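Taking it in order: structure first as structure tokens, then the write-up.
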Amino acid sequence: MSSSAPISETFTSVQGEGKLAGVPSWFVRFSGCNLRCTWCDTPYASWNAESKQRAMQSLIDEAAAAKHHNVSHAVITGGEPMMFAQAEELARSLKKIGMHITIETAGTIFREIACDLMSISPKLSNSTPQTDDPRDKDAVWQVRHEARRINLESLQKLIDTSPAHQLKFVVSSEQQLSEIETLLTHLRGWTPGDILLMPEGITVEALATRRWIVDECVRRGWRYCPRLHIELFGNKRGT
Ligand code: SF4
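Numbering (the working numbering), first residue to last: 4 to 242.
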């Protein structure tokens, strides 16, 4: 295996979000994203992408070492990992060494990729950069982000081709629930248990004000998605 890819970080922790929250996992974060969410919690992989070029084999060796210590879940995340063809090669190789694979994607790009759980996080209108965002002075990303954030064809293919999936939405107000419901009317192959609502916020205090999200989940049979890593470690890299 000779290829390499821009990687912003690798680390071992517990999965903080989604159906596998709490599971010990080895994370690999691709650096680079085709979106610019206003509240992005990994700006070092999007707004200010930073990376080291890492050989695929070195990543596999690292994952194999994690597996040797009983961490057999791998999370391929970003940024947007589906931007990178190398993610396919990485996933194939991780499968060969027996890792359970989660892909974390915003769902705007489709790839045939080996995985056990496709974790799709479609971006709602609350993600679009504001007009006065100093990181986007000419509103270039505002326009680009808005045009790209929902790709129905890609979302459907990701659902159809994955053995298991979850659709995880970051919500900050009740207005976004109707946006989610409208989106879901255009998609097939999901059940209420695949829909996860996650509060926006990167502090424990902010997350604590989102109790209403629990009630909305109970009403619809959706899942409330905690941000375990924020509760355990705060908003820190490598967790
Ligand atoms: S899709 Fe993810 S990585 Fe990209 S800008 Fe949005 S939150 Fe950040």
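Cβ atoms here follow ideal geometry from the backbone N, Cα and C, with glycine treated the same way.
In this text, all values refer to a predicted model and were calculated from it rather than measured experimentally.
Let me know if residue i comes out buried or exposed under the rule of 16 or more other beta-carbons within 10 Å of its beta-carbon.
i      : result
Ser6   : exposed
Lys171 : buried
Val143 : exposed
Val78  : buried
Pro247 : Past the boundaries of the shown model lies residue 247; the chain is included only from 4 to 242, so the question cannot be answered.
Gln60  : exposed
Thr80  : buried
Thr194 : exposed
Relative to ligand 2, is the shortest distance from any of its heavy atoms to the C-beta of residue i smaller than 8 Å?
i     : result
Pro46 : Among the ligands present in this structure, namely ligand 1, ligand 2 is not found.
What are the partner residues of residue i, as DSSP defines its beta bridges?
i      : result
Glu12  : Arg32
Ser122 : Glu107 and Gln169
Ser7   : Ala58
Tyr227 : Leu200
Pro27  : Val17
Over the uninterrupted alpha helix (DSSP H) stretch that includes residue i, give me the two end residues.
i      : result
Glu203 : Taken as a continuous stretch (DSSP letters only), Glu203 belongs to no alpha helix (DSSP H), as it is neither H nor E.
Phe113 : No alpha helix (DSSP H) holds Phe113; DSSP gives it neither H nor E.
Asp163 : Leu155 to Thr164
Lys98  : Gln89 to Lys99
Asp218 : Arg214 to Arg223
Leu187 : Gln178 to Thr188
Arg151 : Val143 to Arg151
Can you give the Cα-Cα distance for residue i and residue j, rounded to whole angstroms?
i      : j      : result
Thr41  : Gln133 : 7 Å
Met85  : Leu161 : 11 Å
Glu219 : Gln56  : 43 Å
Gln179 : Val146 : 20 Å
His103 : Ser157 : 23 Å
Asp136 : Asn129 : 14 Å
Phe113 : Trp215 : 33 Å
Gly101 : Gly192 : 27 Å
Val26  : Thr105 : 11 Å
Val173 : Asn73  : 31 Å
Leu93  : His71  : 18 Å
Ala109 : Arg152 : 8 Å
Trp50  : Asn37  : 10 Å
Gly196 : Trp225 : 5 Å
Asn154 : Thr111 : 5 Å
Pro9   : Gly35  : 8 Å
Glu177 : Arg230 : 19 Å
Name the two residues that bound the continuous beta strand (DSSP E) containing residue i.
i     : result
His76 : His76 to Thr80
Asp56 : For the sequence presented, residue 56 should be read as Gln rather than Asp. Segment Lys55 to Ala58, the beta strand (DSSP E) holding Gln56.
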